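Reviewing the structure listed below.
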Amino acid sequence: MYKSDALTIVSHNYYSHHKMIEFINFCKKVSPLDNDCIIDLDSIVKFKKVNKNDFLLNVNSHSNELFFIKKGIVKFCFNGDGKEFIMRFFAENILFADIESYTSKQHSKYEIIAIENTEYYSLPFYKFEQLCLKHHSLETFFRKFMTIANLNMMERISEILEEDAKKRYENFISKNSHILPRISLGDLASYLGITQVSLSRIRANK
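Each position in the sequence shown, counted from 1, maps to that position plus 717 in the numbering used here.
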């Protein structure tokens, strides 16, 4: 999905000492960034660690940062009528945020919770926006990223509304087999919107 032939060429030595090479490589696949932009990004990024079950974002708080997972996995979820529903899982080398809270400037409806000990880069939105004004290449990247994020969310909502649980399970296995061993059956059931009993039946019939 994130393929691009027009990649910014930067020396191997430059990147070998860069503290967030994974993030820069991700950006390059979406849209090329110029060297000055990369240096400025490096100045605003913060490296953070959280333990399993720690929160990266709490419900009713404001979404004020972009997240990029270096190591670990998190779930993006909300609670309704006392039941957890997981919208997405995010693992290594993925950039994400609560886009709805960010764009609306409203409190978040969601929680982001680590399901493993997790290391990630945090980029404050207000500083990131300032750099977008300064660097056209970053503004272009962010516009493309927002388009991709919105399309992914629309695809997820369409899946929930139009597909049955068996089809949702098959889609998840097809697209996310690399993270399946790291996700509990309870979390997988919450993602599919079914009970663990129903999930066990689906798995038994495979």
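Where is the CB? At the ideal position from N, CA and C, for every residue including glycine. On a predicted model such as this, the values are computed, not experimentally measured, just so you know.
With distances taken between CB atoms, is the gap from residue 757 to residue 852 smaller than 8 angstroms? Between residue 757 and residue 852, the CB-CB gap stays under 8 angstroms.
Which two residues bound the contiguous alpha helix (DSSP H) that contains residue 890? 882-893
Measuring CB atoms only, is the stretch 778-791 touching the stretch 822-833, in the sense that at least three cross pairs come out at less than 8 angstroms? yes
Could you say which of 743, 819 and 779 lies nearest to residue 812 if we only look at CA atoms? 743
Apply the 10 Å Cβ neighbour rule to residue 890 and answer buried if 16 or more other Cβ atoms are within range, or exposed otherwise. A residue is called buried once 16 or more other Cβ atoms fall within 10 Å of its Cβ, and residue 890, having fewer, is exposed.
Go through its chain and collect everything with a Cβ distance to residue 766's Cβ below 6 angstroms, but skip five positions before and after it. 836
With H, G and I counted as helix, E and B as strand and the rest as coil, what does DSSP make of residue 869? Here residue 869 sits in helix by DSSP.
Local Cβ density within 10 Å of residue 914, reported as buried at 16 or more and exposed below that: exposed
Let me know the secondary structure DSSP gives residue 767 once reduced to three states. strand
Going by beta carbon distance, what residues of the same chain come within less than 7 angstroms of residue 725, once the five residues before and after it are set aside? For residue 725, the predicted model reports a pLDDT of 32, less than 50, meaning its position is unreliable and no value from the coordinates is stated.
Would you kindly work out how many angstroms separate the C-alpha atoms of residue 777 and residue 824, rounded to a whole number? 5 angstroms
With DSSP as the reference, please indicate the residues paired to residue 805 in a beta bridge. 793
My understanding is that residue 747 touches residue 862, with C-beta atoms under 8 angstroms, so please give their C-beta distance in whole angstroms. 6 angstroms
Apply the 10 Å Cβ neighbour rule to residue 783 and answer buried if 16 or more other Cβ atoms are within range, or exposed otherwise. buried
For my contact list, residue 785 and residue 740 are in at a C-beta cut-off of 8 angstroms; report their separation, rounded to the angstrom. 5 angstroms
Return helix, strand or coil for residue 826, following the three-state DSSP convention. coil
When 878, 771, 859 and 909 are compared against residue 820, the one with the closest alpha-carbon: 859
Is the beta carbon of residue 737 sitting closer than 8 angstroms to the one on residue 838? yes
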